[in-house]
Each structure stands twice: as C-alpha cells, then as structure tokens.
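Protein sequences appear in the order of chains A and B.
So the first sequence is numbered by numbering that gives the first Met the number 0: it starts at 0 and just counts up by one.
So the second sequence is numbered by numbering that gives the first Met the number 0: it starts at 0 and just counts up by one.
Quick reminder that beta carbons are idealized off the backbone N, C-alpha and C, glycines included.
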Amino acid sequence: MIVLEGVTKVYRMGSVEVHALRGVDLHVAAGEFVAIMGSSGSGKTTLMNLIGCLDQPSSGRYLLDGIDVAELNDNQLAAIRNLKIGFVFQSFNLIPRSSALHNVEMPLIYAGSGDGRRERSLEALDAVGLGDRAGHQPTELSGGQQQRVAIARALVTDPAVLLADEPTGNLDSESSLEIMKLFTELHQQGRTIVLITHESDIARFASRVVRVKDGLVQSDMPQVAYAQ
Amino acid sequence: MNILEALRLAVNGLVANRLRSALTMLGILIGVGAVILLVAVGNGASAAVQAQIQSLGSNLLIVFPSSARTSGVQGGFGSQQTLTFQDVQAINNQSAAPDVVAAIPISNSRGQVVFANQNWNTSVNGTTQAFPQVRNYTVGQGAFFTAEDVTAGRKVAVIGPTVAQNLFVNGEDPVGQSIKINRQLFRVIGVFDSKGAAAFGGNQDDLITVPITAAWAYLSGGRNKNVASIYVEASSNTTAAKNEVTQILLDQHKISDPAQADFSVNSQQDIAATASQATGILTILLGAIAAISLVVGGIGIMNIMLVTVTERTREIGIRKAIGARRRDILLQFLIESMFLSGLGGLLGILVGAGGAALLPKLVSALPTPVVSVPSVLLAFGVSVGIGLFFGIYPANRAAALNPIEALRYE
C-alpha cells in the first residue's frame, strides 16, 4: 500500500540545509496498523507530510497504492489527498461554522461526487457513533466528538490510508482511549492506518511500531516484540 | 466543486462576519447608488432642457447679440447691445423675409411687482403684440396688448398665472387691477394660460409682459432702448428664414463679412444641440465623480478579502489537505468577493433609484431625475466586475498557500 524507498527530504532554511529525512525505507501493507514514533525533530512530521502527499521527497521513491507520487503536479496531489488519504489531525481541524455533516461532506464536494453525498456522509458519521450530531457545529461538540467527526471526514471517501497525526494530543485520557478504540475497530474492519505519535501508550494500540530518529528509521518491529 | 457549493461557502463566510461584510458592501453600495443617482440627475436635466427647447416650437429662431469687434478688441458673448427695435421691424418686412411669420423683440429684466399688500419678484419682458403667437402663449382672461398699445407706450401688462396667484391672493379678478412694477403703475389687461414648468426650475408661468416701449420709458429709466434678443417665428422652411434674418441683420448693421457678425441666429436645433452637449458633459462629469467612489469601494473589498484570507489561512490548509485544488480555493474567494460586491451593487441600485424617486420631493427646483436602464445594468455589471478584479489578488494568494504552512498557521 505504502512503499518508501531511499526517501530523503532536504529543506533550506535561509542558507542552512536541513536534512529532515536521510534515506527512509518503509513498506506498509494493506490492512496494517502502524505507529510511527519519534521525538520532536526526529523527522516524523516530515515523514507524515510526505506520506500524506502534502509534500514531495527530495530524492527516493514513494509509491502510494501503486502510484508514483514524486511525478505528480499540484492538482494531481490534491486528487490523491482527496481520494487516497484520510487525514486526522491533532487539533481536529474542522471547518468552523460548518455543521458536522457539512464537514464530513467536504471531501466529497471536492471530489465532485454529487450523488449520495449526504447518505455517505451520514453513514460515516454513524460509523463513528455521531449519527445524531450531524447538524451540530464544531463549537457545540466536545473534543472527542470533534475528533470523531474528523475521523468520519477522513473515512468518507473510503481512502487507501488513514493518516493520523497525534490524534489524541489534544484530548483527555478518557477521550483518547475512546478514539484509540475507534482506530482499533477500524483496523479490525480492514483499514490501513498510519499513526504518528510520541506517546508509547498510544503506539501500544498499533500492530507495528516504527521508530524514527535523526531522519532515519531506527527500529521497525511488530507490537509484541516492541512491548518486550 | 460546483458554483452553487462555492456560493454556499461564500454566503457562510459573509454571514460569519456580518458587520464587516455589511461595511464592505456599503462602499460598493454608495458607489453604485451615487453613479445611478447622479447619472439620473444628469439625464433628467438633459431631458428637461430638451423638453423646454421642444416647447419653444420647432420653427423658432432666436437672435442673440454676440461678441462685437470694435477696432480689434473682441468682447464676449452679449457684451454689447447690438440689436435694435429697427432690426425687428426690418425682419418683419414681408418682402425682405418671406419665410418669417413674425418677429418680436424681448427686453427683459427682474422686477418687483406689488399689488395691495402682496409683492412678487418676477421676469418683466418688454415685447410687442406678436409675443403670444411667437412664444406659444395663450391669454385666458382678458386680452394681450395691441400694436397700438406698443406704439403709444401704454402702461399695460399681461401677467403669467404664477404672478396672478401670488399677487391676487384673495381671488380678485386680476384683469383691470393696477399693479406696481418697480414702483410704476401698470394696468393688468390679461392673464396667460399655464404653460407648465421649464428646465432648471424655471417657470414659464412666472412672467409679466409689457409693451417694450413702456418698458424702455418707465422700467429702465428711459436711457436704454435695448433689445436683449429677437424671437422669430419662421415658416416651415427654417433654413431659408435663418438665411433671410442673417442677411437683413448684416445689412442693418452694415457688416459685409458674415464672419464679423455681431449677432447670432440660432434655430431650435442649434440650441438643442448645444444644450445636449452641455448636459452630456454634466452627466459624464457626475458619473465620473461617482465612479471614483466605486473604485474606492473596490479597494475596500480587496482590503477585507486580504484580511479574510489571512484569517482563514488554517481553514485553507485544511481544505487543501482534504483535497481542494488551487482552483477550488480560488473560486471560493473570488465568488465571495463577487458576491459581496454584487449584493452591494444590487442594494446600491435600490438606493440610487430610490434616491432618484425621492430627490424631486426634497429639492423641488431639480428636474425629475431619469434612471436609465443601461446605467443600472452597467452599474451592476461594473460592481460585479470590481469584485472580480479586486478579488483576484487575495484569492490567488489564498490558492497559492502551501498546505503544510497553512495547517501550521495559528
């Protein structure tokens, strides 16, 4: 599903070159639940931006669902983000002043699919247990509920990968647990999930943990081995 | 993303900032309203002037004294009283001017008119017996003065209905009453029928006519036998009459070169053309002043759209992350700014048209403004166009945002 081969990313900050990624190899198969861990500055955010097609590698190859992303232009990248990737952010990132339903509909609007938009969006809200909150504004929902709306929005296009960046970072421990249970359920339903976090408590829910440090993959092992 | 969805987003965005949207719209509203109102005033003035010129009668020629050249020194228009009563008599000579029906002199001044304890300030016209015929006046009560009255210089007057209303407030019959014009006693022998309002607040019913000889003798102190203008009623062949009048006056004034003429003969068409040129310039000038405020309104829109884009950087990042393309973002903000200016324009049309309807009630001297459909369509089109033009830069800025940086924006 996700194939990264020798991926590097170099930023220029003024006259200084920052090597955020120094050659990352990563394969994620369909249906996997992978946690990418690392402290700040490790390059995990850059990695997420690349996997999420918000950015393109300086060198190396990235195949997402068989598509070479490095070759794509802005509009094609937007289409990939729209159809293949479902983003879940730390700060929920719902569109303010738009109902939960409208937020969930948004990717379908940009996809240009008019038929069954409302039904699909309501289904997605049902799937995260918020079918009865469709008309609520983000400000009328709790943090946990907002994150569920965000997850419904990520799921509505039936993407290849669900990409979650510190999804519990802004939540209390109870809501965090609920969200992680939701991710686990989605995993059991066969979703491919990539979770970026720095908390091992959260990474615990994944079936595989990849540790990133100084722009390189430091370790990559199944959950059982990591737990030991 | 389709237009309808973009429109929904735009309305959402505008409703979220009601006061700001309303104030921004106000700029366009005032601009469009001003354009429509001022152009309507210009058009109204133009229409009123044209109507007044039409009402003079299409066969009318007016002779004005013009710049007189005296040993190389050129005076301005009307700088010298070059027309005389003899000129009028010469024009009235049927054999010399077969295409002239009648010619009358006009010697006019303002005068204070008194009857009993009422007084009124009006235009006092010294003229001859052919005045009603040439100027299309009819006498309702009494009669107009005769050639004999003119020859004898009798102190008789025929007054307009407005003068009658203001002097004879107790419903007296004006005919036979004595009034004082500039302290000279005149006897009213007739009252004109109403002719209605004239251009620029002028009132064709507000006048007094007296024999020109009486005007010279009693109203201008007997020193000055001036003729301010000559009105000539021509037969259907206006051009021939104009040539005859010109030739007669050249002979009268002993001028051999027509280019040196110290008078000008204007047909109704000449006057209409000059007037429409003048009122056309007025309309353009008024429209241009109003258009400036429209541009200012457009800059206001651009300013607010830039603020909006900055405020919504994060939202733009989110939209891009979930699959919005550049053109989706561009469209969203362009439609928002066009909606803002278009709605402002629509309201401006209402305000402009409403103002045009209300203005004559507030300022009675103003001719009725004429709201023209092209000016309304143009104003609306221009306001939407302004939204487009001034929206492009902010929308482009939004569309070009890097999604990673936009998402990180606090």
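By the C-beta criterion, the region 303-311 of chain B is judged not to be in contact with the region 197-215 of chain A, since fewer than 3 inter-stretch pairs fall below 8 Å. Between K154 (chain B) and A102 (chain B), the C-beta spacing is not below 8 Å.
In the structure shown, P221 (chain A) falls within a strand segment according to DSSP collapsed to helix, strand and coil. By the criterion of a C-beta distance shorter than 6 Å, F130 (chain B) is surrounded in its chain by I103, T208, once the five residues flanking it on both sides are discounted. One thing to note: S98 (chain A) has its Cβ within 8 Å of the Cβ of G134 (chain A). In this structure, L181 (chain A) sits near V127 (chain A), with a CB-CB distance shorter than 8 Å. Put simply, the CB of M105 (chain A) is near chain B, with a gap under 8 Å to one of its CB atoms. Around A394 (chain B), no beta-carbon contact reaches into chain A at under 9 Å, the shortest distance being about 16 Å. The beta carbons of G390 (chain B) and I35 (chain B) sit about 23 Å from each other, so the pair does not count as a contact at 8 Å. In the displayed model, E70 (chain A) falls within a helix according to three-state DSSP. DSSP links M36 (chain A) through a beta bridge to A:T196, A:R210.
Counting only residues of its own chain and dropping the five nearest sequence neighbours on each side, K224 (chain B) has a CB closer than 7 Å to the CB of F84, W215. About 4 Å separates the Cβ atoms of V87 (chain A) and A163 (chain A), confirming a contact at the 8 Å cut-off. Those residues of the region 4-23 of chain B placed with their C-beta closer than 7 Å to a C-beta in chain A are E4, N11, A15, ordered along the chain. The residue from B:V370, B:A289, B:R396, B:E243 with its alpha-carbon nearest to that of V381 (chain B) is B:A289. Here the C-alpha atom of E122 (chain A) lies approximately 11 Å from the C-alpha atom of R152 (chain A). At a cut-off of 8 Å between C-beta atoms, N74 (chain A) counts as an interface residue with respect to chain B.
The Cβ neighbour count for Y136 (chain B), taken over all protein chains shown within 10 Å, is at least 16; the residue is labelled buried. A straight-line Cα-Cα distance of about 52 Å links K319 (chain B) and I280 (chain B). Chain order gives the chain A residues near P402 (chain B) as L53, where near means a beta carbon separation below 7 Å.
H252 (chain B): not part of any beta strand (DSSP E); DSSP gives it neither H nor E. Taken in chain order, the members of the region 319-349 of chain B whose beta-carbon sits within less than 9 Å of a beta-carbon on chain A are K319, A320, I321, G322, A323, R324, R325, R326, D327. Apart from sequence neighbours up to five positions away, the residues of its chain that approach L194 (chain A) with a beta-carbon distance below 8 Å are F32, V33, A34, I35, A163, P166, F182, I201, A202, F204, A205, ordered along the chain.
Counted as a single uninterrupted DSSP element, the stretch harbouring Y109 (chain A) is not any beta strand (DSSP E) but the alpha helix (DSSP H) occupying residues 99-110. Checking the DSSP bridge columns, you'll see V87 (chain A) partnered with A:A163. Neighbours of F86 (chain A) in chain B, taken as residues whose beta carbon is under 7 Å from its own, are A320, I321 in chain order. Excluding its 5 nearest sequence neighbours in each direction, S175 (chain A) has C-beta neighbours in its own chain below 6 Å: T167, listed in chain order. In the three-state scheme derived from DSSP, where H, G and I count as helix and E and B as strand, E16 (chain A) is classed as strand. From the beta-carbon of N48 (chain A), the residues of chain B found nearer than 8 Å are I403.
Annotation: the continuous beta strand (DSSP E) that includes S266 (chain B) extends over 262-266. Excluding its 5 nearest sequence neighbours in each direction, L76 (chain A) has C-beta neighbours in its own chain below 6 Å: C52, listed in chain order. Cβ-Cβ distances below 7 Å link I247 (chain B) to A89, I90, A95, A96 in the same chain, with the five nearest sequence neighbours on each side left out; the list follows chain order.
Sorting B:K360, B:T312, B:A355 by C-alpha distance to the C-alpha of P393 (chain B) places B:T312 at the top. Taking 8 Å as the CB threshold, R152 (chain A) lines the interface with chain B. Contact annotation for I94 (chain A) against chain B: E314, I317 [CB-CB distance below 7 Å, chain order].
Straight through space, the alpha carbons of R407 (chain B) and G143 (chain A) are spaced by roughly 21 Å.
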